[in-house]
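Going by our numbering, the residue at position 164 of the sequence shown is 164; the numbering climbs one at a time, nothing skipped.
Every residue, glycine too, gets a C-beta built ideally from N, C-alpha and C.
Note sheet for the following structure.
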Amino acid sequence: NKIACEEFLFKKYREENFPVTIVRPSHTYDKRNVPLGVHGKKGFYQVIKRMKEGKPVIIQGDGTSLWHLTFNKDFATGFVGLMMNRHAIGEAFQITGDEVLSWNQIYQTIADALGVELKAYHVASDYLSAVGDKLGFDFEGSLTGDKSVSVVFDNSKLKRLVPQMQTTVPFNQGVRIALDYVLSHPECQVEDQEFDVWCDKVILALEESKKNFS
C-alpha cells in the first residue's frame with residue numbers, strides 16, 4: 001500500500017541517501033473529467049445527463065463533508081516546482097488546491113454551470129455501500145473510506161518551497177472548462193444505463209420505505 005511504499009523509500013533515503021520526494025495529491029481533475037462523489041463504473045457523465053434531464057442525483061451522506069479539488073494546471077505548478085529542488089529531497093508534500101468545498105457546494109456548482117436546478121437526493125454512505133455492492137460498485141472504498149469523510153489540507157510546507165503555488169482555477173471556473181469540453185466532445189459522453197437504473201431504484205426504494213413506515 002501507499003504508506004508501506006513511503007516508509008520503504010524514506011528508509012532508503014535515511015540509510016542509503018537515496019533521493020526521494022513524496023508527493024501526495026488529493027482529488028485532481030482536468031478538462032475531461034467532472035469530479036463527483038457518486039457515479040457508476042463508466043465515470044461521471046451519467047450524473048451530468050441526469051442533471052440535464054431534471055432527474056434527482058444522489059449525494060453521499062448529508063453532503064456537508066468537506067473536500068479539496070485541484071485543477072490539473074494548478075497541480076502541475078506545485079509538482080514542477082518540486083522537481084530538481086534539492087530542498088525537497090527526503091520530504092513529503094501535499095499538493096492540493098486552496099479551496100475547501102462541501103459536496104453540496106460541489107454539486108450545486110456543477111448544476112449552476114449547466115444552468116439547471118439541482119435536485120439533490122441524499123443517501124447514507126453505508127446504505128450506498130450495501131446496495132451498490134450488489135452491482136459491483138465499490139462505494140465502501142470510495143465513500144466510507146474516502147469521500148464521506150471531511151478532509152482539509154495544509155499546503156504551507158509546499159508553498160515555502162514553491163511560493164507560486166496557488167489556486168488559479170477555482171472550481172466554479174474549472175468545472176465550466178470541463179463541461180464545455182465534455183459537452184462538445186461526444187467521445188467523452190459515455191452513458192451508463194446500469195448506473196442510471198440503479199439510481200432510480202435506490203431513490204424509489206427509499207421513498208417507498210418512507211411511505212410504508214408505521
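Contact under 8 angstroms by Cβ, residue i with residue j
i	j	result
residue 93	residue 32	no
residue 110	residue 182	no
residue 65	residue 149	yes
residue 29	residue 82	no
residue 147	residue 46	no
residue 76	residue 175	no
residue 40	residue 103	no
residue 131	residue 202	yes
residue 73	residue 167	no
residue 67	residue 190	no
Straight-line Cα distance separating residue j from residue i
i	j	result
residue 58	residue 36	10 angstroms
residue 195	residue 163	43 angstroms
residue 209	residue 192	26 angstroms
residue 127	residue 84	47 angstroms
residue 22	residue 129	31 angstroms
residue 133	residue 14	43 angstroms
residue 2	residue 212	46 angstroms
residue 173	residue 119	22 angstroms
residue 80	residue 10	21 angstroms
residue 71	residue 178	10 angstroms
residue 105	residue 205	26 angstroms
residue 12	residue 153	27 angstroms
residue 49	residue 180	14 angstroms
residue 137	residue 214	31 angstroms
residue 141	residue 38	12 angstroms
residue 207	residue 199	12 angstroms
Cβ-Cβ separation, residue j to residue i (assumed contact under 8 angstroms), whole Å
i	j	result
residue 117	residue 170	The Cβ separation is near 22 angstroms, so there is no contact.
residue 78	residue 158	6 angstroms
Exercise. Should the stretch 6-20 be regarded as contacting the stretch 95-103, the criterion being three or more beta carbon pairs within less than 8 angstroms?
Worked result: no
Problem set entry | the stretch 1-17 / the stretch 52-66 touching (three or more Cβ pairs under 8 angstroms) | no
Exercise. Per the contact definition of three or more C-beta pairs closer than 8 angstroms, is the stretch 121-131 in contact with the stretch 167-187?
Worked result: no
Exercise. Is the stretch 80-90 touching the stretch 154-171, taking contact as three or more C-beta pairs under 8 angstroms?
Worked result: yes
For this session: Would you mind listing the beta strand (DSSP E) stretches within the stretch 54-78 that are 3+ residues and don't spill past its ends, in chain order?
Result: 57-60 and 69-71
Problem set entry | 3-residue-minimum beta strand (DSSP E) runs that sit fully inside the stretch 113-172, ordered along the chain | 120-123
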